[in-house]
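Enquirer: I have a structure I would like to understand better, so I am pasting it below and will then ask my questions one at a time.
Residue numbers (the working numbering): 27 to 332.
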């Protein structure tokens, strides 16, 4: 099984080499906005899924090719902190490569001391916080029955006290769900106590698991950003230009990336280095072959694995 995808352009991390250490949709949440789809295995029990040496070996092999990689990112098809070998993998990687390691997590398991110990090995931790009211939390994140907002916030608070490196907190804003002025004001007050290094506002820009998950406009996000102070930013685009992979390689990159998230034509251009015409031509071929399919969300046409 292939555990490494990319490097692909990330809105937050530059050229990110993704490391997928969780089976598809094995997660502690079932977020209404998730771009991967609905959770099939809602769990909080950690376990070992894959041989850590195989995973880290794939990462080291990719790094050795000399591709532009700004960060190695544990993310992918589910919640990475559910893998009990996460800390082992990060430690092993740091013996072989000097590239920063990041972990994108929903933050739901930070109350677990073992999870915090594993994340302490990373250079950047990117948790999420989408609600500060229990009812909104349940509506947007649809957590495992044993999880509560209080438990999640307690874990995040403890982790910040223990962890001296970078924490970039993502807040996913959904129209008519967590964008109420009172909810936002309360969220800003709570987030201010966490002393994170960055607050990153996001909204639905790729097809969500629930069609009712509506996006906010960039202007709305910019206005909301003012509530959170100088460390807040809106993440909505990526401007860096990628290198040109080999012909066979970029096709594989497209397919492997689409296994984990939907992409637009513009995303494809950034991932592959091809022109719009070249990327569009190849996408048509893959769609005709039944490998991928497309559908519209808002003003954008997205491609996903069929």
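Glycine included, each C-beta is placed from N, C-alpha and C at the ideal position.
Looking at C-alpha atoms only, which residue of 173, 254, 119 and 229 is the closest neighbour of residue 85?
Expert: Comparing Cα-Cα distances from residue 85 to each of 173, 254, 119 and 229, the minimum goes to 119.
Enquirer: Check the C-beta distance from residue 235 over to residue 58 and give it rounded, since I have them as a contact under 8 Å.
Expert: Between residue 58 and residue 235 the Cβ distance is about 6 Å, and since that is below 8 Å, they are a contact.
Enquirer: Looking at residue 142 and residue 185, is the spacing between their C-beta atoms short of 7 Å?
Expert: Yes, they are a contact pair.
Enquirer: Quick one: grab the DSSP three-state call for residue 344.
Expert: A query on residue 344 cannot be resolved here, the shown segment of the chain reaching from 27 to 332 and no further.
Enquirer: Leaving out five residues on either side along the sequence, give the residues of the same chain with a beta carbon under 8 Å from the beta carbon of residue 189.
Expert: Closer than 8 Å at Cβ, skipping near neighbours: 142, 145, 146 and 151.
Enquirer: Check the DSSP bridge columns for residue 41 and list the partner residues they point to.
Expert: Answer by DSSP bridge pairing, in chain order: 35.
Enquirer: Using 10 angstroms around the beta-carbon of residue 33, count the other beta-carbons present and answer buried if the total reaches 16, otherwise exposed.
Expert: Buried, by the Cβ-count rule.
Enquirer: Alpha carbon to alpha carbon, what distance is there between residue 224 and residue 193?
Expert: Looking at the two C-alpha atoms, the distance is approximately 7 Å.
Enquirer: When burial is assigned at 16 or more other CB atoms within 10 Å of the CB, is residue 241 buried or exposed?
Expert: Buried, because 16 or more other Cβ atoms sit within 10 Å of the Cβ of residue 241.
Enquirer: In whole angstroms, what separates the C-alpha of residue 246 from that of residue 98?
Expert: Residue 246 and residue 98: Cα-Cα distance of roughly 32 Å.
Enquirer: Kindly indicate which residue of 158, 183 and 175 has the alpha-carbon position closest to the one of residue 199.
Expert: Checked all of 158, 183 and 175; the closest Cα to residue 199 is 158.
Enquirer: Starting from residue 127, follow the alpha helix (DSSP H) in both directions and report where the run begins and ends.
Expert: Careful: residue 127 lies outside any alpha helix (DSSP H), inside the beta strand (DSSP E) at 127 to 130.
Enquirer: Kindly indicate the opening and closing residues of the alpha helix (DSSP H) around residue 244.
Expert: Its alpha helix (DSSP H) spans residues 244 to 251.
Enquirer: Going by C-alpha to C-alpha distance, which of 128, 165 and 233 sits closest to residue 323?
Expert: Comparing Cα-Cα distances from residue 323 to each of 128, 165 and 233, the minimum goes to 233.
Enquirer: On the criterion of 16 or more Cβ atoms from any shown chain inside 10 Å, does residue 319 qualify as buried, or is it exposed?
Expert: Counting Cβ neighbours within 10 Å, residue 319 comes out exposed, since fewer than 16 surround it.
Enquirer: Whole angstroms are fine: how far does the CA of residue 197 sit from the CA of residue 249?
Expert: Straight-line Cα distance between these residues: approximately 14 Å.
Enquirer: By how many angstroms is the C-alpha of residue 312 removed from the C-alpha of residue 290?
Expert: Rounded to the nearest angstrom, the two C-alpha atoms are 14 Å apart.
Enquirer: Can you list, in chain order, the residues of its chain whose CB lies under 7 Å from that of residue 202, leaving out five sequence neighbours each side?
Expert: Result list for residue 202: 240, in chain order.
Enquirer: Pick out whichever of 148, 133 and 207 has its Cα sitting closest to the Cα of residue 180.
Expert: Nearest option by C-alpha distance: 133.
Enquirer: Mind listing, in chain order, the continuous beta strand (DSSP E) runs of no fewer than 3 residues lying wholly within the segment 122 to 209?
Expert: If we require 3 residues or more, the beta strand (DSSP E) runs fully inside the segment 122 to 209 come out as 127 to 130, 150 to 152 and 192 to 199.
Enquirer: From the DSSP output, read off the bridge partner residues of residue 59.
Expert: Answer is none; residue 59 lacks a bridge partner.
Enquirer: Just how far apart, CA to CA, sit residue 44 and residue 31?
Expert: Approximately 5 Å, taken between the alpha carbons.
Enquirer: Name the DSSP bridge partner or partners of residue 68?
Expert: Its beta-bridge partners are 53.
Enquirer: Hey, could you find the ends of the alpha helix (DSSP H) residue 80 is sitting in?
Expert: That run of the alpha helix (DSSP H) goes 78 to 89.
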